[in-house]
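> One structure follows; several queries about it will come next.
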């Protein structure tokens with residue numbers, strides 16, 4: 001009695017273990033994307049202008065959707081504004097964290113904004129107080 005290849009694979013294949021492992025991988029990647037986005041936001045804040053800080057703060061208040069023009073524009077800004085940076089999004093050190101997955105890109109952009117805004121909230125009063133002097 002011959003056992004088919006399908007039967008052999010079914011007998012040795014544990015789909016639940018594979019699903020669990022892939023879910024854990026996905027969660028790990030999402031956490032890395034979020035951490036790298038935040039850190040990149042903090043790091044890149046030093047090169048942003050006053051106007052750019054305000055624009056990012058306004059986008060944060062308004063919200064940013066994955067299918068919005070604001071998201072696409074901000075993604076392009078992030079990738080091209082730091083064109084000499086080794087952290088280039090599409091082809092640099094961070095590119096391995098951003099598989100062709102729009103959710104990861106959205107997570108990265110939102111956490112980048114959070115990093116930028118953490119710096120902005122820390123310095124905003126100092127910047128504004130100089131104007132009043």
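In the numbering used here, the protein residues as written are 1 to 133. Beta carbons: idealized from backbone N, C-alpha and C, even for Gly.
#1: Buried or exposed for residue 74, going by 16 or more other Cβ atoms inside 10 Å?
#2: Could you work out which residue in 38, 104, 59 is closest to residue 29 when comparing CA atoms only?
#3: Where does residue 87 sit, in a helix, a strand or coil, going by DSSP?
#4: Would you mind working out which of 56, 43, 57, 107 sits nearest residue 26, comparing C-alpha positions?
#5: Please determine, among 38, 19, 23, 24, the residue with the shortest C-alpha to C-alpha distance to residue 111.
#6: Is residue 109 closer than 8 Å to residue 48 when the C-beta atoms are compared?
#7: Could you tell me which of 59, 20, 114, 19 sits nearest to residue 36, measuring between CA atoms?
#8: Suppose the cutoff is 6 Å on Cβ atoms and the five residues either side in sequence are ignored; what does the same chain contact list for residue 56 look like?
#9: In or out: residue 83 buried (at least 16 other Cβ within 10 Å) or exposed?
#10: Assuming residue 127 contacts residue 45 under a Cβ cut-off of 8 Å, what Cβ separation, rounded to an integer in Å, is found between them?
Inspection of the coordinates gives the following:
#1: By one-based count along the chain shown, residue 74 stands at place 74. Per the 10 Å Cβ criterion, buried.
#2: As a working note, residue 29 is residue 29 in the chain shown. Restricting attention to 38, 104, 59, the CA atom closest to the CA of residue 29 is found in 104.
#3: For the purposes of this step, residue 87 is identified with residue 87 of the chain shown, where counting begins at 1. The pLDDT assigned to residue 87 is 48, lower than 50, so where the model puts this residue is not dependable; a value taken from the coordinates is nonetheless given after this. Residue 87 falls in the coil class under three-state DSSP.
#4: Position 26 of the chain shown holds residue 26. Among 56, 43, 57, 107, the Cα nearest to that of residue 26 is on 107.
#5: Counting from 1 along the chain shown, the entry for residue 111 is found at position 111. For the residues 38, 19, 23, 24, the minimum Cα distance to residue 111 belongs to 38.
#6: Sequence index remark: in the chain shown, residue 48 carries index 48 (1-based). Sequence index remark: in the chain shown, residue 109 carries index 109 (1-based). In this structure, residue 109 does not lie closer than 8 Å to residue 48 by Cβ.
#7: Position 36 of the chain shown, counted from the first residue, corresponds to residue 36. For residue 36, the closest alpha carbon among the candidates 59, 20, 114, 19 is that of 114.
#8: Stepping through the chain shown from its first residue, residue 56 is reached at position 56. Here the set comprises 113, 116.
#9: Position 83 of the chain shown, counted from the first residue, corresponds to residue 83. Caution is warranted here: a pLDDT of 41 is assigned to residue 83, below 50, making its placement in the model unreliable, and no coordinate value can be reported.
#10: Against the chain shown, residue 127 aligns to sequence position 127. Against the chain shown, residue 45 aligns to sequence position 45. Actually they are not in contact, since the Cβ atoms of residue 127 and residue 45 sit about 12 Å apart, beyond 8 Å.
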